[in-house]
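Protein chains in written order, with the numbering used here: chain U, 34 to 324; chain B, 18 to 345; chain X, 4 to 381. A virtual CB, placed ideally from N, CA and C, is assigned to each residue, including glycine. These notes concern the structure reproduced below.
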Amino acid sequence: MVDFLQLFVSGLATGSIYALAALGFTLLWQTSGTINFAQGEFVMLPAFGMLALASVGVPLLAAFAITCGLAVVVLGWGFKRGIADPLLKFGLMPVVVATIGLSIALRNGVRAGYTAEAQPFPSLFGDQLFHLGAVTVTRVDVGTLVAALALVLGTQAFLARTVTGRAMQAVAQNTESAMVLGIDVPRMIFYTFAINAILACTAALLIAPTYLAKFDMGESLGTKAFFAAVIGGFNNSRAALLGGVIVGVCENLAAAYVSAAYKDAVALAIFMVVILVRPQGLLGKPIGRTV
Amino acid sequence: MHMKRPWLLVVVAVAALVVMPPYLKSYGLYLISYWLVFVIATMGLNLTVGYAGQASLGHAAFFGIGAYCVAILMKAGSSFWLGLPLAAVGCFGLGLGLGFPALRVQTIYLAFATLGFNVAVWLVMRNEEWLTGGVFGINDVGRPDLFGLSLDGSLAYYYVILVVAAVLAALLWGLLRSPWGKAFTALRDNPIRAESLGIDVRAYTLLAFAIGASYAGIAGALFASLVQFVEPTPFSLSVSFMMYLMVVVGGPGYFFGPMLGALVGVLVPEWLRFAQGWYLVAFGIAVALLMLWLPGGLLSLADRRQARRRARAAANARSASPTAPGAR
Amino acid sequence: MKPQLSIATALACLLVVSTAHAEIKIAVLQELSGTGATAGTNFKNGVQLAVNEINAAGGILGQKLDATIEDTQSNPGIAKGLALKAVDDGAFAVFGPTFSGSMIVSMAQTRKAQVPNFTGADAAAITQQGNPYVFRTSFTQTVSMPKLARYIAGALKAKTVAIIFVNNDFGKGGRDAFVKAAAAAGLTMAADISTDAGLLDFSAAVLKAKRSNADVVFVYTNEEESARCLRELRKQEVTKPIVGETTLTGQRVIELAGPAANGALAHVGLTTDAPIPAVREFRAKFEKAYKYTPDHNGLKGYTSVYMLKAGIAAAGKLDRVAVAKALHGLKIRAASEPGVLMDVAIDDHGDLDRESFIVEVKNGKQEVKETLPPLTKF
């Protein structure tokens, strides 16, 4: 029982990391129909950005703020104007391929331009251990979980309670009607991209101490985030957290009780079952087909 | 393509592919063989993605299954010529099996299902050491003989790949000219209308997917004997992404798209090697820029020129016509 | 001979002689992107450092080295092509790839073309195929694991071992070799735990190891994973000795794991923390040139070029077949060829023999506890 709890708690922490990446992914898809295959790299890049700033002496939180700003401009506005806007009208294929190209470029750019080595990343929380009963938890685990929860709930609140948020939701549900209602659709879409950039930046801040900043950290993170987003529900943001937690916890339990070599298969099996049985995800709403 | 004599270009290209290779050094020959293998795989993917309008992100799984099929059989003493058809038929069956449940849901979910399939297959390839050699792979995969003549040499094997590619291309051409081909295109353009016209959307999509899978299987079989070492790395998810990239960059729905796309995917990184550590960055950026310039893929350039020419001709005709304002 | 003919012959001879003064081409095929990028980049940098040094000192037999560097993308299919390219380009020697799978494929090509091929790859199979042109740059797992197993059974007085390994050809090969060596040393395996490359959460793996109550935990993973594993071991308060091979106590891992690395033990073939002045000098030179501390792959790359140099010197001429023959059975003393940093003997299969170390991490630094001498008499 203790083992189970230990694995569960660790899985929650890891899962909240996947959830952060999944959240931005889901938002982009909801409001603009962009599938961003470079999402993992959108987390990797700010991590290195903060490292670069830290190496010239900027304190961590200041570096975080500056990187957030840069991320909104480059990964938010730049990505939107440069890739999403020109290509979305041609359907999904060009965007998918362009983001695949982008992810290759970013990953190898950091590798060639910065370093191929993994880099240590300063932690916000510190490494202290404490015991909840027989279960050992680090401050990082708790901190990450709390931060992720706060971000997800905060984003949900923003979308549901504020006028801008509701406008963004309107754009997600029916772009034409939103336009007719006088909502500045391009601006709402930009806000989504900006939020995605900030979420990715925060994910980097929380993940990199454990994950360690490396040029290829985006690859597996991107795939896991994708799974988490689909399992939870590709068209519901709170679901990203559920999806992430499911993936994180199941991996651990599978590794311990089933087979370490096939632990990924468990998340995968859930993923496949969800797609076939309930394609809108566990918390999502069904999507109708438009004629 | 609407050139004056498009078949002339094809004939020249095929002739070059037959005549040139003996003059290439071993590296060049290897690259061309590698390219042809990917052409076969992407022709299949083009059928699924470009013609039937489905999104498949797990093509490398079928590629790998074909490769392991040949590798395992040949290690057990069987002939390549047993492994090749087995790979084709096996992947066709698997394609049907995977597609059947997955196609019940929306397009985008087929993408997810194939992605999941790829990861699952890769895990099996890596873990089941008794079957696939696990992480160590299967080494020293042989090459085929034909009637006692060994096709072991690089040049001889290249011609094997070329012949198989030509046959498969011809088959695909025939398929696309047939009523089935028209049904596929109808599917892509407007599946709901196609359904209302009486086309069994499910059946045709499934068929396109399964044929695509079997092409990948054949390509994989050829790949195994080309590299002569089979292990899980070339069959991972990122290779599926690369194949998808090749189809879209070449031009989805164009018959020659895969030839160009595979050229970009296989050869462009090689040409960019002079950029040293930055060659993959240049490749990624080039792909993104290419999409921005030609979202329909490289071959859509011809269509665009055609459309522009027609538009210009129409504009000229309008201004030259006696009823146009300002005309005399 | 007629005058024109004799002039022509003279010119022809000059041409031959002048082309013979061309540079010594070496091809460096390494994993510079993909999963092997860290190891491959380190190896490549080591090679480059050595090449620059040798050229600055006048080259080998009066000829400079011309290194062409290619990226295998951690993909054996591409590695094979690059090996063919190197052969086409007339490379005198090939360095790499480091990935065992890629090495096995490309060495078939270099063997056909009779080109000496140095590699840092670990798989035992590489030197078991009777290839007279392959040369290692580090111990194989079949040499290092028995040394380690004997240490665990002897000095640590352990009876049972739990092994945590990474599920790729490097990790699995090491695990297989260790299991065999452990059995020979009288140890039993209490747990056999596989982990994925790039694994983020080691709680399940460490939990299994803890529950097995083994006397010793043997960790055999890549660098980032080693760091995470060490942290998890500390978090779950595992007090048993943690033992590994070179990667576990590498400088990088110590940096990444922080205080969790203290107390870890490892058998190390090549380490930049060895108490050998030549190695320390190499490290300083590397850090100056590349602005980071090299790992053992950097050492492998650097020493391999000097091994080639020693081989050419022993053969006395720039003939590939002769150099390969000269390298077999060659004992290279660091005193006469400082570039190899430590005395090394190459056997007839292309395997190496060198001294090695048992190190312990104390206060964030590697400390050599014991030096294990080579089997060959120098």
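Anyone know if the C-beta pair for residue i and residue j falls short of 9 Å?
i, j, result
"X/T113", "X/F46", "no"
"X/L87", "B/K42", "yes"
"B/G313", "B/V264", "no"
"X/A329", "X/I315", "yes"
"X/S1", "U/L40", "The structure shown does not extend to residue 1 of chain X, since chain X spans only 4 to 381, so no value can be given for it."
"U/A237", "U/A85", "no"
"U/V263", "U/F304", "yes"
"X/I245", "X/A267", "yes"
"X/I29", "X/G62", "no"
"U/G251", "U/Q72", "yes"
"X/R237", "X/A263", "yes"
So with CB distances below 7 Å, who are the chain X contacts of residue i?
i, result
"B/N156", "I107"
"B/V244", "P79, G80, K83, V108"
"U/A294", "N170, S197"
"U/Y244", "L203"
"U/G272", "Correcting the residue identity first, residue 272 of chain U is Ala in this sequence and not Gly. Simply none; closest approach about 22 Å."
"B/E248", "P79, G104"
"B/V152", "N170, N171, D172, K175"
Select from the options the residue whose C-alpha is nearest the C-alpha of residue i.
i, options, result
"U/K247", "X/K183, X/I81, X/T38", "X/T38"
"U/A96", "U/T235, U/V291, U/G314", "U/T235"
"B/F109", "B/F226, B/L120, B/L318, B/G191", "B/F226"
"B/W310", "U/G215, U/R144, U/V130, U/Q72", "U/V130"
"X/G301", "U/E150, U/A294, U/A258, U/L61", "U/E150"
"U/L178", "U/A294, U/S49, U/G251", "U/S49"
"X/A180", "X/Q144, X/A207, X/L355", "X/Q144"
"B/F258", "U/Y290, U/Y224, U/V105, U/V128", "U/V128"
"B/T250", "X/A281, X/K183, X/P79", "X/P79"
"U/F158", "U/I116, U/A87, U/A261, U/T171", "U/T171"
Quick one: grab the DSSP three-state call for residue i.
i, result
"X/F205", "coil"
"U/Y51", "helix"
"X/I167", "strand"
"B/D157", "coil"
"B/S167", "strand"
"B/G150", "coil"
"X/M1", "Residue 1 of chain X is absent from the model: chain X starts at 4 and stops at 381."
"U/F70", "coil"
"X/I72", "strand"
"X/V347", "strand"
"B/L25", "helix"
"X/S197", "strand"
"U/I137", "helix"
"X/A185", "helix"
"B/L284", "helix"
"X/V19", "Since pLDDT at X/V19 reaches only 44, below the 50 mark, its modelled position is unreliable, and the value read off the structure follows with that caveat. Helix."
Would you mind telling me which residues of chain U sit closer than 8 Å to residue i, beta carbon to beta carbon, in chain order?
i, result
"X/R357", "Correct list: empty, because the minimum Cβ distance to chain U is about 25 Å."
"B/L262", "V130, I133, G134"
"X/K243", "Going along chain U, no residue has its Cβ under 8 Å from X/K243, so there is no contact; the nearest lies around 16 Å."
"X/Y295", "T148, E150"
Run through chain B and tell me which residues come within less than 8 Å of residue i, C-beta to C-beta.
i, result
"X/L35", "G294"
"U/I308", "A119, V122, Y126, F129, A130, G133"
Using a cut-off of 7 Å between C-beta atoms, extract the partners of residue i located in chain C.
i, result
"X/L87", "No chain C appears in this structure, whose protein chains are U, B and X."
Which bits of chain B does residue i rub up against, with CB to CB less than 9 Å?
i, result
"U/I116", "A305, M308, L309"
List the residues of chain B that residue i touches, going by C-beta distances under 7 Å, in chain order.
i, result
"U/M126", "V265, P269"
"U/M305", "A130, G133"
"X/V90", "S43"
Counting only Cβ pairs nearer than 8 Å, list the residues of chain X close to residue i.
i, result
"B/Y51", "G80, G84"
For a contact defined as C-beta to C-beta under 7 Å, what are the partners of residue i on chain U?
i, result
"X/K211", "A289"
"X/G239", "Reading off the sequence shown, one finds Gln at residue 239 of chain X, where the question assumed Gly. Residues of chain U passing the Cβ test: T169."
Should residue i be counted as a contact of the ligand SAM given a C-beta to heavy atom distance under 8 Å?
i, result
"B/G267", "Annotation note on the ligand SAM: not contained in the displayed structure, which lists no ligands."
* Contact the region 229–242 of chain B vs the region 173–181 of chain B: 3+ CB pairs below 8 Å -> yes
* Touching or not, the region 134–148 of chain X and the region 190–197 of chain X, by the rule of three or more beta carbon pairs under 8 Å? -> no
* Could you say if the region 268–278 of chain U and the region 223–242 of chain U meet the contact criterion of at least three C-beta pairs nearer than 8 Å? => no
* Asked: Hey, is the region 76–95 of chain X in contact with the region 103–123 of chain X, meaning 3+ C-beta pairs nearer than 8 Å?
  -> Yes, they touch.
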